Structure formats: C-alpha cells, structure tokens
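Engineer: Chains X and E are the protein sequences, given in the same order. Going by the numbering used here, the first residue of the first sequence is number 298, and it counts up by one from there. Going by the numbering used here, the first residue of the second sequence is number 298, and it counts up by one from there. Glycine included, every Cβ here is placed at the ideal spot set by N, Cα and C. Owing to the predicted nature of the structure, the values given are computational and were not obtained by experimental measurement. Before I ask anything, let me first share the structure, which is written out below as structure tokens.
2 protein chains.
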Amino acid sequence: MADVIANMSMSLDGFVADPEDRIDHLFEWFGNGDVEVPTAVDWATFKTSEASAKMLRAAMENVGALVTGRRLFNLTQGWGGAHPMGVPVFVVTHEEPADWPHPDAPFTFVTDGLESAVEQAKKTAGDKNVAVASTTIAQQCLNLGLLDGIQVDLVPVLLGSGVRFFDHLDATTKLTDPEVTEGTGVTHLSYRIKR
Amino acid sequence: MADVIANMSMSLDGFVADPEDRIDHLFEWFGNGDVEVPTAVDWATFKTSEASAKMLRAAMENVGALVTGRRLFNLTQGWGGAHPMGVPVFVVTHEEPADWPHPDAPFTFVTDGLESAVEQAKKTAGDKNVAVASTTIAQQCLNLGLLDGIQVDLVPVLLGSGVRFFDHLDATTKLTDPEVTEGTGVTHLSYRIKR
Chain X
298 MADVIANMSM SLDGFVADPE DRIDHLFEWF GNGDVEVPTA VDWATFKTSE ASAKMLRAAM
358 ENVGALVTGR RLFNLTQGWG GAHPMGVPVF VVTHEEPADW PHPDAPFTFV TDGLESAVEQ
418 AKKTAGDKNV AVASTTIAQQ CLNLGLLDGI QVDLVPVLLG SGVRFFDHLD ATTKLTDPEV
478 TEGTGVTHLS YRIKR
Chain E
298 MADVIANMSM SLDGFVADPE DRIDHLFEWF GNGDVEVPTA VDWATFKTSE ASAKMLRAAM
358 ENVGALVTGR RLFNLTQGWG GAHPMGVPVF VVTHEEPADW PHPDAPFTFV TDGLESAVEQ
418 AKKTAGDKNV AVASTTIAQQ CLNLGLLDGI QVDLVPVLLG SGVRFFDHLD ATTKLTDPEV
478 TEGTGVTHLS YRIKR
C-alpha cells in the first residue's frame, strides 16, 4: 500500500519560502553539485551532490502520484502541464480552472475534499508512494491522520520570516528518528509518523 | 579565542518548549539511553545513547562559560546555584535578584547589556567556548553578529505550538552544512555561522 509522504525544502528556522514566496536559498541545493539528475521534463535537470542525487533518484522511483494545493498549482502555472516528477498530479481545489491549457495532461482537479484527493492518489500510485507537495495540504493531512512520513530537506539558513512548513497543527505528533543523508547545502531527514 | 555557540533542544517544527514552558518531549533524549554522562552536579546525570554521550562529553569539555537570560534563570531557580555544565554563568538582567541565596556561586548578574555579558563570558572562557542557553539571548546575539555557531539537538516531534528557538530575527543568516551526530530520540546538528 502506498505511503503518503510530505516533502519540502525547509530552512533551519522552519520556512519553506520567504515572505514574497521566493525559494532561492532553499532550492540552491538542487543546482550546486556535479551530478546530473534528469527529471521527467526538459526544463528541469538537477545538479546536486552524489548523496542528494542518490536520494532524489530513489524518491523519483518510489513516488507514484502527487497531491498538491491550488495555491502551489497557481504559483507554478500548473508546471506547464508536466510535473518534474513525471507522475499524475491531484490538485485539491474548490473549482476546476476555467482556462487550463493542458486538458490531456495527467492532472486531476479534486473538488470534493482532501481525503478524496489522497484516496484517488493512493489508488493511482498503487505500490508506490504519494508525495504531498504543499504546506497547507501537508498540515491538513497531519491533522486528519493521513500522513505516513515526512521528508525535510533541511537547508542551512535562517530566513527569519516567511511561509512555515509546519503551522496550524492540532496536536503533538511523535516521529521516528530520521534516516539522514548529508548532502551539500542540505541535510535530508526522512521521518515516519509514530502511531 | 572562544566561540559563542547557541544550543537548544528543538522540535522539528522549531519549538524549544510547549506553550506552558514544558520541555518533557524535548528532553527525553537526556534520559533514554544506557550510557551515563555525569555532570557537575549531583542532581543531574544524563543517560543517553553512546553517540549523544560522546557529543555531550565533548561539549562539556569545550565550554568555559555560559550566558543566559533572566527568564531561564528564574524558571530554573538559578539551577540551585550550580549549573550542570560546571562553568561560570553570566545572567543578563535589568536588576540583580534581591534574594539570591547562593552569593558564593559562580554566577554574575550583568546589568549593562548583552554585549558586556558576552565579553565577560569570553574573557572567563579563555580558549574554551561560550554557550548561550536562552532563545531570546541567542536571537539577540544573532542580530548583533555575536554568534559563531548554532547547535540544534533536533527532536523527532512536532509540537504544534510553543516557544520558538528562532524568532524575531532581523535578517537572513547563512550557515555551513552541519556536523551530524545521530543519537536516539535526537539528531545533533552543529552549524557554524557564515560571515
């Protein structure tokens, strides 16, 4: 059965973007190395340390679907209809976009709630994992008990302000000790939720 | 010359205490192992994993003085006049406590500001490090450029709310990649500030 895993690049003080939604500092590690990691799209090839590359290749092999929110979908203009992970994307939204120019792309707009989106994504992912790429969706998944794991790509910077990965959580959540992968400009920490 | 290093046990979502100033979850790693680490006081002996014990022994050897704030001093009732680290303590405060029952203990009440406290602590520490054990003092040190390193004992728990390690920071601060020590119930991350 697919695990649902939230994953973000986060500063040591807990931010995934600065107050203007910029992610420059937090995404530097995707391009600061010698090892090329191709993605499913032409416009994105990562160049990372060997340690990060190994982690990224494993993640891309193991992810079978992605759940995201409407805000990130809008910010990225729907990734031009092709997400770098190369997997079907489920967008939690109140309304389908009226002018979506990529009707044949593997994007599903889910208007009947987060739990439905996660269920559909798990069905699509089969044995593979569902990645959650949105802070608000990750927070709601945590509060609903839908999350199995959290991967934090911890970036050695203090931003001071911005958008927090973890906010609006209802309760204390215990995690396992993480699997640690030491990259360059990033420390990958892979936790599982304790039930 | 002594380095000034801020050190706290922090949850993955950035808290060093819950809203009621409780630190139960965050300090579990000090007592969840088989390896005894004596401190300078009878009332505190740590029992940790071997990895954490090694880190703690090194920290205690390398720290020569401690700077703290009045709030933590009050919360701990001045550690009964003897801090577990066994080093002189410099308390940043507006006023000396009127009824301090341990006048001979190595506690100095610094009423002329944080920079003076750090300067006095560095002089006392000599070649050893100055530890900063207070979120507000650490934040002020960061903003004043007085900090050389940050050690985060990252605990695998999401608290959801509480007192943040990093708050009220004036600017973005870049750090080196951390030295990582994987304990049990804690991941020790030792960063240096990039200038």
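Determine whether the beta carbon atoms of Ala-299(X) and Gly-423(X) lie at a separation below 9 angstroms.
Structural biologist: In the first sequence, counting from the first residue as 1, residue 299(X) sits at position 2. In the first sequence, counting from the first residue as 1, residue 423(X) sits at position 126. Yes. Within cutoff.
Engineer: From the DSSP secondary-structure annotation, give me the bridge partner or partners of Gly-446(E).
Structural biologist: Start at 1 with the first residue of the second sequence, and residue 446(E) comes out as number 149. In the DSSP output, where bridge partners are listed per residue, Gly-446(E) has Ile-302(E), Arg-489(E).
Engineer: For chain X, find out if any of its Cβ atoms is closer than 9 angstroms to the Cβ of Phe-462(E); answer yes or no.
Structural biologist: As a first step, residue 462(E) is located in the second sequence; it is residue number 165 there, counting from the start. Answer yes: the Cβ-Cβ gap between Phe-462(E) and chain X drops below 9 angstroms somewhere.
Engineer: Check distances from the C-beta atoms of the stretch 311 to 325 of chain X to those of chain E and list, in chain order, the residues that come in under 9 angstroms.
Structural biologist: Gly-311, Asp-315, His-322
Engineer: In chain order, what residues of the same chain lie with their CB nearer than 7 angstroms to the CB of Leu-439(E), ignoring the 5 residues before and after it?
Structural biologist: Here residue 439(E) is taken as the residue at index 142 of the second sequence, counted from 1. Here the set comprises Leu-466, Thr-470.
Engineer: Just list the residues that DSSP pairs Phe-406(E) with in beta bridges.
Structural biologist: Here residue 406(E) is taken as the residue at index 109 of the second sequence, counted from 1. Beta-bridge pairing links Phe-406(E) to Val-388(E).
Engineer: If you count every other CB in all the chains shown that lies within 10 Å of the CB of Asn-304(E), and 16 or more means buried, which is it?
Structural biologist: Taking the second sequence and counting its residues from 1, the one referred to as residue 304(E) is at position 7. Buried, since its Cβ has 16 or more Cβ neighbours within 10 Å.
Engineer: Can you give me the C-alpha to C-alpha distance between Pro-398(X) and Gly-378(X), rounded to a whole angstrom?
Structural biologist: In the first sequence, counting from the first residue as 1, residue 398(X) sits at position 101. In the first sequence, counting from the first residue as 1, residue 378(X) sits at position 81. Computed Cα separation, rounded: 8 angstroms.
Engineer: Grab the span of the alpha helix (DSSP H) containing Phe-324(E) for me, first residue to last.
Structural biologist: In the second sequence, residue 324(E) corresponds to position 27, counting from 1. Run containing Phe-324(E): 321 to 324, per the alpha helix (DSSP H) assignment.
Engineer: Rank Ser-413(E), Met-352(E), Val-452(E) by C-alpha distance to the C-alpha of Thr-478(E) and give the top, closest one.
Structural biologist: Taking the first residue of the second sequence as position 1, residue 478(E) is located at position 181. Closest option to Thr-478(E), Cα to Cα, is Met-352(E).
Engineer: Rounded to whole angstroms, how far is the Cβ of Asp-551(X) from the Cβ of Phe-463(E), which I believe are closer than 8 angstroms?
Structural biologist: Nothing can be reported for residue 551(X), as the shown portion of chain X is limited to 298 through 492.
Engineer: Take the Cβ of Pro-507(X) as the centre, count every other Cβ of all protein chains shown within 10 Å, and call the residue buried at 16 or more, exposed below.
Structural biologist: Lying before the first or after the last residue shown, residue 507(X) is absent from chain X, which here runs from 298 to 492.
Engineer: Since Val-427(X) and Val-301(X) should fall inside the 8 angstroms C-beta cutoff, what is the C-beta to C-beta distance between them, to a whole number of angstroms?
Structural biologist: Counting from 1 along the first sequence, the entry for residue 427(X) is found at position 130. Counting from 1 along the first sequence, the entry for residue 301(X) is found at position 4. At roughly 5 angstroms, the Cβ-Cβ gap stays under 8 angstroms, so Val-427(X) and Val-301(X) are in contact.
Engineer: Taking just the CA atoms, how far does Ala-435(E) sit from Phe-387(X)?
Structural biologist: Locating residue 387(X) in the first sequence gives position 90, where the first residue counts as 1. Locating residue 435(E) in the second sequence gives position 138, where the first residue counts as 1. Between Phe-387(X) and Ala-435(E), the C-alpha separation is close to 42 angstroms.
Engineer: Per DSSP, which residues does Pro-335(E) bridge with? Please list them.
Structural biologist: Along the second sequence, one-based indexing puts residue 335(E) at 38. According to DSSP, Pro-335(E) bridges with Thr-342(E).
Engineer: Would Pro-453(X) pass as an interface residue toward chain E - the criterion being a Cβ-Cβ separation below 9 angstroms?
Structural biologist: Taking the first sequence and counting its residues from 1, the one referred to as residue 453(X) is at position 156. Output row for Pro-453(X): interface = yes.
Engineer: Could you tell me the distance, in whole angstroms, from the CA atom of Ser-306(E) to the CA atom of Val-452(E)?
Structural biologist: Residue 306(E) sits at position 9 when you count from the first residue of the second sequence. Residue 452(E) sits at position 155 when you count from the first residue of the second sequence. Rounded to the nearest angstrom, the two C-alpha atoms are 7 angstroms apart.
Engineer: Can you give the Cα-Cα distance for Ala-493(E) and Leu-472(X), rounded to whole angstroms?
Structural biologist: Because chain E spans 298 through 492 in this model, residue 493(E) falls outside it and cannot be assessed.
Engineer: How long is the line joining the alpha carbons of Pro-475(X) and Phe-406(X), rounded to whole angstroms?
Structural biologist: As a working mapping, residue 475(X) is identified with position 178 in the first sequence. As a working mapping, residue 406(X) is identified with position 109 in the first sequence. Near 33 angstroms, if we compare the C-alpha coordinates of Phe-406(X) and Pro-475(X).
Engineer: Could one say the Cβ of Asp-331(E) lies closer than 9 angstroms to chain X's Cβ atoms, at least one of them?
Structural biologist: As a first step, residue 331(E) must be located in the second sequence, where it is residue number 34. Closer than 9 angstroms to the CB of Asp-331(E) there is not a single CB belonging to chain X.
Engineer: Taking only three categories from DSSP, how would you classify Phe-327(X)?
Structural biologist: Your numbering for residue 327(X) matches position 30 in the first sequence. The answer is helix: DSSP assigns Phe-327(X) an H, G or I state.
Engineer: By Cβ distance below 7 angstroms, which residues in the same chain neighbour Glu-325(E) in space, the five residues on each side in sequence not counted?
Structural biologist: Within the second sequence, the letter at position 28 stands for residue 325(E). The beta carbon of Glu-325(E) sits closer than 7 angstroms to those of Gly-482, all from its chain and outside the five residues before and after it, given in chain order.
Engineer: Since Ala-428(E) is in the beta strand (DSSP E), which residue starts that stretch and which ends it?
Structural biologist: What you label residue 428(E) is simply residue 131 of the second sequence in a count that begins at 1. That run of the beta strand (DSSP E) goes 426 to 429.
Engineer: Can you give the Cα-Cα distance for Val-360(X) and Val-334(X), rounded to whole angstroms?
Structural biologist: Indexing the first sequence from 1 puts residue 360(X) at position 63. Indexing the first sequence from 1 puts residue 334(X) at position 37. C-alpha of Val-360(X) to C-alpha of Val-334(X): approximately 16 angstroms in a straight line.
Engineer: With respect to the alpha helix (DSSP H) encompassing Leu-441(E), which residues constitute its N-terminal and C-terminal limits?
Structural biologist: In the second sequence, the residue the question calls residue 441(E) occupies position 144. Here the alpha helix (DSSP H) through Leu-441(E) covers 432 to 441.
Engineer: Given the structure, does Thr-365(X) come close to the ligand FAD, in the sense that its CB is under 8 angstroms from one of the ligand's heavy atoms?
Structural biologist: What this structure holds is no ligand at all, so the ligand FAD is not there to describe.
Engineer: In the structure shown, what three-state DSSP assignment does Ala-362(E) receive?
Structural biologist: One-based indexing of the second sequence puts residue 362(E) at position 65. Per DSSP, reduced to three states, the secondary structure at Ala-362(E) is strand.
Engineer: Whose CA, out of Thr-390(E), Pro-394(E), Ala-418(E), lies closest to the CA of Asp-409(E)?
Structural biologist: Against the second sequence, residue 409(E) aligns to sequence position 112. Residue nearest to Asp-409(E) within the set Thr-390(E), Pro-394(E), Ala-418(E) is Thr-390(E) (criterion: CA-CA distance).
Engineer: Taking only the alpha-carbon atoms, compute the straight-line gap between Arg-489(E) and Trp-340(X) and give it to the nearest angstrom.
Structural biologist: The residue labelled residue 489(E) in the question sits at position 192 within the second sequence. The residue labelled residue 340(X) in the question sits at position 43 within the first sequence. Roughly 35 angstroms separates the two Cα atoms.
Engineer: What would DSSP say about Phe-462(X), mapped onto helix, strand or coil?
Structural biologist: On the first sequence, position 165 is the one that residue 462(X) refers to. Coil.
Engineer: List, in order along the chain, the chain E residues whose C-beta lies closer than 8 angstroms to that of Leu-411(X)?
Structural biologist: The count along the first sequence starts at 1 and reaches residue 411(X) at position 114. Those do not exist, as Leu-411(X) stays about 18 angstroms from chain E at its closest Cβ, beyond 8 angstroms.
Engineer: Would you report the Cα separation of Lys-420(E) and Asp-396(E), rounded to the nearest angstrom?
Structural biologist: Numbered from 1 along the second sequence, position 123 holds the residue referred to as residue 420(E). Numbered from 1 along the second sequence, position 99 holds the residue referred to as residue 396(E). C-alpha of Lys-420(E) to C-alpha of Asp-396(E): approximately 27 angstroms in a straight line.
Engineer: Can you check whether the C-beta of Ala-430(E) is within less than 9 angstroms of a C-beta belonging to chain X?
Structural biologist: By 1-based counting over the second sequence, the position of residue 430(E) is 133. Not an interface residue.
Engineer: Mapping the DSSP letters down to three states, classify Thr-484(E) as helix, strand or coil.
Structural biologist: In the second sequence, residue 484(E) corresponds to position 187, counting from 1. Residue state for Thr-484(E) is assigned as strand, using DSSP reduced to three classes.
Engineer: Please report whether the beta-carbon of Val-301(E) lies at a distance below 9 angstroms from any beta-carbon of chain X.
Structural biologist: Taking the first residue of the second sequence as position 1, residue 301(E) is located at position 4. No, its Cβ sits nowhere closer than 9 angstroms to a Cβ of chain X.
Engineer: Taking only the alpha-carbon atoms, compute the straight-line gap between Phe-343(X) and Val-332(X) and give it to the nearest angstrom.
Structural biologist: To locate residue 343(X), count along the first sequence from 1; it is residue 46. To locate residue 332(X), count along the first sequence from 1; it is residue 35. Cα to Cα, Phe-343(X) sits roughly 8 angstroms from Val-332(X).
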